[in-house]
Structure formats: C-alpha cells, structure tokens
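At position 141 of the sequence shown (counting the first as 1) the number is 141 in the UniProt record's numbering, and the numbers step up by one without a gap. Using N, Cα and C, we set each Cβ at its ideal position, and we do this for glycine too. Computed from a prediction, not measured in an experiment: that's the story for all the values here. Have a look at the structure below, then the notes.
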Amino acid sequence: MAVAGVIGKRRLADAPHATYLLTPAGGAPGPLIDQMAVRGQQLARDLTDEDLDPAFLAWSMHARMNTEALPPGRLVLEFAFEGVPESLSRFWLVSEERVVDLCIRPPGLDTDLLVLADLRRFVGTWRGFRDLRAELKAGTIRLSGPVELQRQFPAWLLRSGLAPYERRRDGRERRLFEASRRDDRSAATPPTV
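The structure is reproduced here in structure tokens:
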C-alpha cells in the first residue's frame, strides 16, 4: 500500500515505533466508506455473541479516546471482559502525554484504572445503545482505582463514531438505542413541580 501511495510511514517524535498514515489518495474514498458504515449501523442485524470481537473493540477504543481530557503524564487503563476466552479478555490503553497506545499483552506498567464489564454490555455502551454513566451507576460496568480517575473516566471514552446514528432495523439493538435516547432526554429535562 505504501508503494501504491495509499499510506505513508512516519516516526512521531519520541515514539518507539513508526506510524502508518493515509495519504490524500488513501483518504479519498473516506466519505463513501463513512456512508457505508452509517448504513451498516442503521440496517445491520443485531450482533450475536459470535460477532463480539474484543480485539476490534480495543483497536476502536484506542483510536477514539478524548485525548484532551486525559491527564498529562502516563495513564494506564486496563480493560477486563467477562464471557470471552482468557486470551482475548484483557487489553490496556496506555496514554503517554496524551498519546494513546494499545497493548494486547501486559505493558509492564502498573494499572491506574481497571475497567471490568461483560463484553456484550460494554459493546452496547460503546455503540451508543447504553449510557456509560448509567451503566457505571448500576454497577454493570465497574471501575477499580483512585476515585478521581473513576470520576474522570466517562470524559475520556468517546463512543463509536457511529453511536449517534439511529438503528432502523427492528431488534434488540434498536430497542436499546431508543431506550437510551429516552433516558438521555429525561436526564436533560428538569423535573416539573
């Protein structure tokens, strides 16, 4: 792909490895791909257990962290998922000066905040079908670490870029999406007396 001019390779300052970036030619089909992804979010069948992919989730999350909200310095987030094979159940996001790296093996650093959840429930939250703060409050997504980091966590985690797009196909995910929107509206509406 590099020879064809679709991607370029660049080493970022102080980065331990090179990063691959799209060239203008590689980015040209981006709007078409984005439109196809939105249609997939709207019309695809509900995910089955076999569709849940912790590796894809990890990669997606690493690319969708709100780096401006992350604390300066180093931050190690460990994610542990229940209901998946042990080899796929954990990953780490390591932020060094707000540059986020994904580790699929223990990074050899102390974990600052541990996130524990059932994979299906977390994926539903990531995809916008469940509210992160509500899941944390209910204890279905659990955090272990300093209270200040627990409090900040929801601001760090951006959801999937497709989360705002309404499900149009009937099924469990559409019902979850609609319920989450009702919950969002009721939380934003002040109570009447």
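Cβ distance (whole Å) where residue i is taken to contact residue j below 8 Å
i	j	result
P154	L132	5 Å
V123	V94	Wrong, their Cβ atoms sit about 22 Å apart, outside the cutoff.
P72	E97	6 Å
F177	R167	5 Å
V100	I141	Wrong, their Cβ atoms sit about 19 Å apart, outside the cutoff.
G5	T19	With 8 Å as the limit, G5 and T19 do not qualify as a contact, their Cβ atoms being about 17 Å apart.
L88	P54	4 Å
A38	L162	Strictly speaking, residue 38 in this sequence is Val, with Ala absent from that position. Confirmed, Cβ separation roughly 6 Å.
Local conformation of residue i per DSSP, three classes
i	result
F56	helix
E82	strand
D51	helix
V6	coil
P190	Only weak support exists for where P190 lies, its pLDDT of 40 falling under 50; the value from the coordinates is given anyway. Note: P190 maps to coil in three-state DSSP.
D34	helix
T19	strand
R172	helix
L149	helix
S180	helix
L113	strand
L93	strand
R121	helix
R39	helix
R133	helix
Classification of residue i by the beta-carbon crowding that lies within 10 angstroms, buried from 16 upward
i	result
E78	buried
Q41	buried
I33	exposed
G128	buried
V147	exposed
E68	exposed
S60	buried
T192	Reliability of the predicted coordinates at T192 is poor, the pLDDT of 37 falling under 50, and the value obtained from them is presented with this limitation in mind. So T192 counts as exposed.
P190	Only weak support exists for where P190 lies, its pLDDT of 40 falling under 50; the coordinates are left without a value.
A188	With a pLDDT of only 48 at A188, under the threshold of 50, the placement of this residue in the model should not be trusted, and no figure is reported.
E135	buried
S144	exposed
R11	exposed
L21	exposed
L113	buried
R172	exposed
Proximity to residue i [Cα-Cα], best of the options
i	options	result
F81	V99, V100, R121	R121
K137	R127, L22, A117	A117
W92	G83, A69, M65	M65
L57	L158, Q35, P31, G26	L158
E86	G8, R127, R105, T48	R105
L52	T140, P164, W126	W126
T111	G83, R74, R182, R130	R74
Y165	L109, M36, A63	M36
H62	S160, S180, G108, P29	S160
Check: residue i C-beta below 6 Å from any heavy atom of the ligand NAP
i	result
R127	No copy of the ligand NAP occurs in the structure displayed, which carries no ligand at all.
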